[in-house]
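Take a look at the structure below.
4 protein chains.
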Amino acid sequence: MDRLQVLDKGYVRLVGVMGSDLTIVNSARVSYDKQKAEMDSKDERLINFLIREGHTSPLRHASLQFEVYAPLMVARQWWKYVVGSDHTMDAWNESSRRYISEDEQFYIPAPTEWRSKPENSKQGSGETLKTAIGNKFTKALMQYVEEGEQLYNFALLNDIAPEQARLFLPAYGMYVRWYWTASLQSVLHFLDQRLGHDAQAEIQDYAIAVDAYTKAHFPAVHKAWQEHRK
Amino acid sequence: MDRLQVLDKGYVRLVGVMGSDLTIVNSARVSYDKQKAEMDSKDERLINFLIREGHTSPLRHASLQFEVYAPLMVARQWWKYVVGSDHTMDAWNESSRRYISEDEQFYIPAPTEWRSKPENSKQGSGETLKTAIGNKFTKALMQYVEEGEQLYNFALLNDIAPEQARLFLPAYGMYVRWYWTASLQSVLHFLDQRLGHDAQAEIQDYAIAVDAYTKAHFPAVHKAWQEHRK
Amino acid sequence: MDRLQVLDKGYVRLVGVMGSDLTIVNSARVSYDKQKAEMDSKDERLINFLIREGHTSPLRHASLQFEVYAPLMVARQWWKYVVGSDHTMDAWNESSRRYISEDEQFYIPAPTEWRSKPENSKQGSGETLKTAIGNKFTKALMQYVEEGEQLYNFALLNDIAPEQARLFLPAYGMYVRWYWTASLQSVLHFLDQRLGHDAQAEIQDYAIAVDAYTKAHFPAVHKAWQEHRK
Amino acid sequence: MDRLQVLDKGYVRLVGVMGSDLTIVNSARVSYDKQKAEMDSKDERLINFLIREGHTSPLRHASLQFEVYAPLMVARQWWKYVVGSDHTMDAWNESSRRYISEDEQFYIPAPTEWRSKPENSKQGSGETLKTAIGNKFTKALMQYVEEGEQLYNFALLNDIAPEQARLFLPAYGMYVRWYWTASLQSVLHFLDQRLGHDAQAEIQDYAIAVDAYTKAHFPAVHKAWQEHRK
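In the order they appear, the protein sequences are chains A, B, C and D.
Using our numbering, the first residue of the first sequence is number 1, and each one after it goes up by one.
Using our numbering, the first residue of the second sequence is number 1001, and each one after it goes up by one.
Using our numbering, the first residue of the third sequence is number 2001, and each one after it goes up by one.
Using our numbering, the first residue of the fourth sequence is number 3001, and each one after it goes up by one.
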């Protein structure tokens, strides 16, 4: 899997991985001077036991690094998870709009992708809206974004510092790029939160990509985690 | 100091504090079964020594809690510090635009506050621009923001979910509110970075407010820190 | 509560505290521009909801600082919690035996305090042993500790570096002193683990002292936590 | 390098590694949509710049996992680094003496390895002592350790719980085994502290082994770090 495409212009890419299901097994058995070189059914039962009982510290010995390209509103929700959570084995390096390194790109929902307000909740989304309405707002957003870009470029032309000129950009939909390195424990915690139905649909799409990579590299852990998710 | 006003509509407020200069002294002297109840010149020298030599772990035993109201672009720079730094004794709880809790407010630089691009650097700002130019962009930003708010509200009227409707907001200048709790070590590290001349002017203004509170509550530590700043 | 005595020579002391039940309520309601100055039943319900649903990030905005004097084996279990857990809003400064600052002291179980091996578990303790047996081992331990101290002092007399001489000390029972600063979230997680029946009895005694301070300063949070403990 | 032997019975083993010098380069250049597949001299200069200026957050995207077998007093100094430092991308899983999984082993300095007290410092070691004195203390320690093991085993025979019986062990010299997973940033910070001449000689020996693995896998970063060490 080279890159998994997400939304209209985004993606997730797995840059690196350290460890495997066996890493977890060996870390959990550190009291015994034994190293397994291949998984067997006893190891799978150990992994299942660890996850069922919430003894997840051995999962901190495996790491994954991702490159993500996503709208700022998705980055914000991702960051809040990293800052707000206790799972601190996370590194984050992100591009900045304070200086200009590449042309800005924006997430524009297609006419069929606009969602209604949910009925019984203060956040989240309900049903998809009619395409006629979607058409109107996709067009309006494209125009509004274009206008913002023109004002942004006009400000740059007038020698305004990029760090101030960006006030003209409708930034929630602007794509940013970052590297995220996290332990397997942290990745699963992120998935617990962001695969959930109350997560915003856009970040759920990114979580699905992260989930696919995780499952491919840690099949036994992933299986046990899925079995015991609340 | 009840609230320190920052920018056109923002502020910093100190919500709580744990410890004093003495906390640092006592934590550093844990090997000796002695508790000081008042600072003397020997304690000041110890604080000076700890900071000069970079032995800052005792600073983690004092905590400060702030409420901050600032444009999203400032919040982003603040978060990046928290996520990217190693100073993890930080908690963060922030308002969200996914549901509507209060009217949105935007940072609009005054005509005299627009800054030029710096000459010899890829980021930061140079001189202040002429007021005639500033006038034009302040007005343009006010109009663009107003247009964004109208589109946002129109989207809500059409039953679009707030989490999607916000794509219409020029979010970099939108005010958000958060609580930040950090150790004294973390606060000083934040000040090291954000009081610096290469930090964006807007976050420097917030750092000045955080600095004032820190100096008032930890005068000896603050003095030593200022003396040994690079 | 000035100091709470634990074991034969140890104690826990609350050095400082930041915040109250209200801090949690206000941090959780950051999306609304409202500050409560006094708790009411609605706030208690909010706290109960947050803890029941595991939304514990607002608990990171309150901090507690403790001074602890405990045998090294207790310190080790405490550290493992801090390192192994994800709750990183923890600071730790501890005395060191690498240089001599005060006379060493050792934990010696009384004749009635020796416990048998549990029947159905690889760790923990079972019933209390007969006093006749206890008598024998209390005495044996006192002698063995005394012999170790004599060898330690003899090594120092022969100019051996304290950092090597300490190899002669039966260190598991040796008292060490440290400062522990932690968020309320971290403190409750520590209590979850160390008040449990599978924790070693000695650290349970320290957890009981930490619990008493926590209950006194955060009564509503403590009540909700107790109600929803697994 | 399969295992690097340290002290009389200990070792360090590199279990896994994620990333290379290139990981650092690519993470630092996230603002530019470019991925390098091979290092060139420009990349080396970037690494040198990052380390010289203390911009070390990209180093958090590379991870190393070690298995360590070392005396408890070394483990304690290692833990204090992990807990006390701000470099939290660390995981730790360690064997426990609360239950018996393998026979205990002890570090016994050879007759030529005993060190004197330093003249001008409260901690650390000075010159090596005469072998005649060393002989005496090596023998005394062997006897004292043997006596402790006999008492420990006698306590177990009398059905005392292992978690209490271990009070008879001269634990500072007892070997424990653990897994340590850390970011490259954290590893270099550990080396900064523990390769230093004021670190205890025993942990310096472990740091030398960690250093060898780090140099082998991250040659450009290691070179720059060595050049700019204070």
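Note that CB positions come from ideal geometry on N, CA and C, so glycine has one too.
Since we're looking at a predicted model, the values are computed, not measured.
Taking a Cβ-Cβ threshold of 9 Å, the residues of chain A close to GLN3065(D) are MET18, GLY19, THR23, SER27, HIS61, ALA62 and SER63, in chain order. Judged by DSSP secondary structure, VAL1030(B) falls outside any alpha helix (DSSP H); it is assigned neither H nor E. Comparing alpha carbon positions, the residue from GLY3016(D), ASN3026(D) and ARG3013(D) closest to TRP180(A) is ASN3026(D).
By the C-beta criterion, the region 3074–3083 of chain D is judged to be in contact with the region 3191–3209 of chain D, since at least 3 inter-stretch pairs fall below 8 Å. Taking a contact to require three or more Cβ pairs closer than 8 Å, the region 47–63 of chain A and the region 1043–1053 of chain B do not qualify as touching. Beta-bridge partners assigned by DSSP to ILE208(A): none are found. Any Cβ of chain B closer than 8 Å to the Cβ of LYS36(A) would place that residue at the interface, and such an atom is absent.
SER2186(C): member of the alpha helix (DSSP H) spanning 2184–2194, first to last residue. Interface annotation for the region 154–169 of chain A against chain B: PHE154, ALA155, LEU156, ASN158, ASP159, ILE160, ALA161, PRO162, GLU163, GLN164, ALA165, ARG166, LEU167, PHE168 and LEU169, criterion Cβ-Cβ distance under 9 Å. With its beta carbon less than 8 Å from one in chain D, ILE2133(C) belongs to the interface. GLU3094(D) reaches chain A at VAL30, counting residues in chain order whose Cβ is nearer than 7 Å. DSSP, read as helix, strand or coil, puts THR2181(C) in strand.
TYR3144(D) and LEU2151(C) do touch by the CB rule: their CB atoms are close to 6 Å apart, below 8 Å. Note that the C-beta distance between ALA155(A) and MET39(A) is not below 8 Å. Note that the region 1109–1126 of chain B does not touch the region 124–139 of chain A; fewer than 3 beta-carbon pairs, one per stretch, sit closer than 8 Å.
LEU3129(D) sits in coil when the DSSP states are folded into three classes, being neither helix nor strand. Considering only beta carbons, no part of the region 1186–1199 of chain B lies closer than 9 Å to chain C.
Annotation: the continuous beta strand (DSSP E) that includes ALA1091(B) extends over 1090–1094.
At a Cβ-Cβ threshold of 8 Å, GLY19(A) and GLN3065(D) count as neighbours.
Straight through space, the alpha carbons of ASP103(A) and PRO71(A) are spaced by roughly 14 Å. GLU67(A) sits in a strand when the DSSP states are folded into three classes.
Taking every protein chain shown into account, the CB of ARG52(A) has fewer than 16 other CB atoms within 10 angstroms, so this residue is exposed. Going by DSSP, LEU2014(C) is part of the beta strand (DSSP E) stretching over 2010–2018. Under the Cβ criterion of 8 Å, TYR2107(C) is not counted among the residues facing chain B.
Under the Cβ distance rule, THR1181(B) counts among the residues neighbouring chain C, one pair being separated by less than 8 Å. Excluding sequence positions up to five before and after ARG2003(C), its CB lies within less than 8 Å of the CB of TYR2011, VAL2012 and ARG2013, all in the same chain and listed in chain order. Separation of PHE2218(C) and TRP1225(B) (C-alpha to C-alpha, rounded to the nearest whole angstrom) is 34 Å. When C-beta atoms of the region 3167–3177 of chain D are compared with those of the region 3203–3211 of chain D, fewer than three pairs fall below 8 Å, so the two segments do not count as touching. Cβ atoms of ARG2166(C) and TYR3172(D) come within 8 Å of each other, at about 5 Å.
For LEU4(A), the enclosing beta strand (DSSP E) starts and ends at 4–6. Listed in chain order, the positions of the region 3106–3126 of chain D with a beta carbon within less than 9 Å of a beta carbon of chain C are PHE3106, TYR3107, ILE3108, PRO3109, GLU3113, TRP3114, ARG3115, SER3116, LYS3117, PRO3118, SER3121, LYS3122, GLN3123, GLY3124, SER3125 and GLY3126. In the DSSP assignment, GLU1163(B) falls within the alpha helix (DSSP H) that extends over 1162–1165. Taking 8 Å as the CB threshold, LYS3139(D) stays off the interface with chain C. For LEU1151(B), the chain A residues whose Cβ falls inside 7 Å of its Cβ are ALA140 and TYR144, in order along the chain. Going by beta carbons, ALA2091(C) and SER1183(B) fall inside the 8 Å limit. By the C-beta density criterion, LEU2188(C) is buried, having at least 16 other C-beta atoms within 10 angstroms.
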